[in-house]
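For reference, the structure is listed below as structure tokens.
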Ligand SMILES: Nc1ncnc2c1ncn2[C@@H]1O[C@H](COP(=O)(O)OP(=O)(O)OP(=O)(O)O)[C@@H](O)[C@H]1O
Ligand SMILES: [Mg+2]
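The structure is reproduced here in structure tokens:
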């Protein structure tokens with residue numbers, strides 16, 4: 002199926018030990034908590050270990066000699082100890098949940114912060130849904146790993162060693178019989194895990210693809226419905242969902258081999274021990290109490306092994322997610338600040354010197370572009386679609402770095418300016434304004450987070466937004482995504498004007514900022530924009546050339562090259578590309594007007 006989302010992400014195989022080490026770095030801040038949990042675990046463990054020994058004691062010493070008082074004493078001691086063990090077990094679970102979710106919180110926060118710093122090239126390469134999958138579900142699937150490693154790994158290992166020691170102390174021969182099946186088990190488990198890990202990685206990839214598809218589907222639900230593509234999309238969805246199911250079933254199938262293997266070895270081991278145990282009782286080598294205690298120890302030996310294989314299993318599953326998380330954490334932002342980058346107050350002079358650029362390193366999108374814009378100047382970029390106008394803007398904001406040439410602001414290479422400083426003072430407005438969910442007030446404040454309420458109102462008034470905002474029932478507190486509160490595209494643009502103005506940028510770029518609004522709104526927008534541009538350097542990109550006539554200078558770009566430069570009159574006189582573009586549009590609008598009149 003020729004379908005882009007279908008492709009799963011590629012992932013390099015990495016050494017798992019490295020990943021484990023990195024994961025367990027996240028435990029560090031919780032050292033103290035972990036020790037407390039280990040203390041509770043230890044309490045439970047000691048009681049568990051002592052129980053069979055008390056039993057042996059009771060049988061061989063008191064029951065055999067019919068000592069009732071002694072029996073009661075031992076019984077009471079066991080009750081008290083087991084009570085302590087129960088309380089400790091409960092505390093352990095509670096504290097552990099706190100630790101695990103604390104760790105997940107930190108990992109998620111790190112991942113989010115990191116991804117937010119990555120350059121556009123990163124986002125160009127993958128759909129949002131796949132990023133979501135890593136931040137939400139991959140991180141979630143680490144919970145088990147941490148939880149079990151602490152609650153199981155340490156105590157289980159200790160239990161195994163302690164049980165072994167006790168068993169060897171009680172009777173070395175019998176102990177050897179009990180563990181005779183162990184080597185075989187290890188070999189089998191090891192081979193299972195290699196396959197299992199791969200399969201879990203496939204599960205996560207497929208899940209991520211499904212996530213991406215779903216996200217895209219509902220972001221573009223309008224298009225889906227307009228073109229009545231629901232059935233088509235639903236088919237793709239069910240295929241992708243089916244893929245996830247398949248992958249999951251395959252992974253679980255191999256996972257389910259773990260436990261039976263352990264149980265099998267456990268069973269055989271016990272039978273062997275019993276067979277030889279009974280023989281040894283008959284020959285008088287051991288007591289009955291010892292064999293009974295031994296049976297308890299056998300299960301105490303095998304249960305943690307079972308737990309550990311389960312932990313291993315979880316480790317394998319978690320590792321698939323951890324790899325995906327660290328893979329992203331290892332991506333460095335392409336756009337980096339130089340170490341001696343400066344904070345600077347921009348005056349607004351812009352210069353491109355022989356700038357060449359390509360998005361993919363193959364096809365040149367800009368070819369030796371040079372121009373200079375003076376502070377306060379209003380420059381228009383015109384050219385056919387795909388000419389490279391928005392690319393110039395992307396480079397100026399340093400969303401990408403050019404392969405050749407340099408970009409200067411006030412005579413300083415923008416690589417030497419702090420990113421924060423640069424982007425704070427350059428504002429870009431697009432046609433499809435993006436507003437966040439939240440109130441109008443909050444949205445305007447994205448321009449400058451510390452703006453006061455009064456400043457917001459004052460700014461809104463300047464761009465003629467105040468009237469229609471106060472006309473709404475909840476005014477500035479109107480929630481933008483609430484039902485029935487959807488703003489028209491013109492209103493959204495006016496709000497984004499306010500958002501831009503409050504940021505007080507030194508350079509303003511309007512990339513097709515005004516289009517598709519009614520004449521009244523356009524008039525409002527135009528007046529708002531005039532306020533906005535006053536005293537600032539501005540770059541205006543527009544297809545309707547009537548809107549750029551008033552620019553101080555017009556730069557005509559075609560195929561990534563500057564072909565003409567000058568003001569409207571000069572370019573018209575020249576009778577070049579601009580002249581032809583203008584005339585054809587002019588005729589078009591003339592025709593339109595005639596149509597409307599007649
Ligand atoms: N993120 C990207 N990755 C790869 N190629 C891109 C990317 N963005 C744009 N391009 C390509 O670069 C070329 C210039 O695109 P650009 O967006 O600068 O054109 P434009 O002049 O702004 O066009 P329009 O008037 O349609 O907005 C186009 O051929 C486009 O396909
Ligand atoms: Mg563009």
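Residue numbers (our numbering): 2 to 599.
Beta carbons: idealized from backbone N, C-alpha and C, even for Gly.
Check whether the Cβ of residue i lies closer than 7 angstroms to any heavy atom of ligand 2, and answer yes or no.
i           : result
residue 512 : yes
residue 192 : no
residue 226 : no
Less than 7 angstroms separating the Cβ of residue i from some heavy atom of ligand 1?
i           : result
residue 402 : no
residue 360 : yes
residue 368 : no
residue 388 : yes
residue 392 : yes
residue 433 : no
residue 384 : yes
residue 125 : yes
Under the rule that 16 or more other beta-carbon atoms within 10 Å means buried, what is residue i, buried or exposed?
i           : result
residue 294 : buried
residue 588 : exposed
residue 555 : buried
residue 487 : exposed
residue 571 : exposed
residue 202 : buried
residue 322 : buried
residue 437 : exposed
residue 581 : exposed
residue 471 : exposed
residue 401 : buried
residue 300 : exposed
residue 386 : exposed
residue 303 : buried
residue 259 : buried
residue 19  : exposed
residue 200 : buried
residue 2   : Here the model assigns residue 2 a pLDDT of 40, short of 50, so the residue's position is not dependable, and the following value carries that caveat. Classification for residue 2: exposed.
Nearest by alpha-carbon distance to residue i: which of the options is it?
i           : options            : result
residue 347 : 230, 532, 339, 426 : 426
residue 394 : 205, 467, 476, 511 : 511
residue 365 : 403, 410, 341      : 403
residue 206 : 436, 139, 411, 437 : 139
residue 340 : 444, 58, 566, 415  : 415
residue 409 : 117, 202, 345, 84  : 345
residue 240 : 210, 74, 48, 162   : 210
residue 263 : 389, 182, 149      : 182
residue 17  : 482, 320, 492, 360 : 320
residue 109 : 144, 194, 170      : 144
residue 545 : 566, 577, 536, 585 : 585
residue 552 : 64, 381, 53, 291   : 381
residue 213 : 270, 136, 197      : 136
residue 352 : 190, 407, 253, 460 : 407
residue 127 : 315, 329, 149      : 329
residue 490 : 477, 62, 432       : 432
residue 28  : 100, 479, 193      : 100
With DSSP as the reference, identify every bridge partner of residue i, one or two as the case may be.
i           : result
residue 381 : 541, 555
residue 511 : 430, 541
residue 602 : The chain is shown from 2 up to 599; residue 602 falls before or after that span and cannot be answered.
residue 409 : 352, 414
residue 613 : This structure leaves residue 613 out entirely; the chain is present only between 2 and 599.
So, helix, strand or coil for residue i, using DSSP?
i           : result
residue 566 : strand
residue 347 : coil
residue 549 : coil
residue 67  : coil
residue 440 : strand
residue 583 : helix
residue 588 : helix
residue 373 : strand
residue 329 : helix
residue 2   : Per-residue confidence for residue 2 stands at a pLDDT of 40, beneath the threshold of 50, marking its modelled position as unreliable; the derived number appears in the next sentence. Residue state, collapsed to three classes: coil.
residue 168 : helix
residue 296 : helix
residue 48  : helix
residue 577 : coil
residue 304 : helix
residue 489 : coil
residue 208 : helix
Can you find a CB in chain D that lies within less than 8 angstroms of the CB of residue i?
i           : result
residue 203 : Included in the structure is just one protein chain, with no chain D present.
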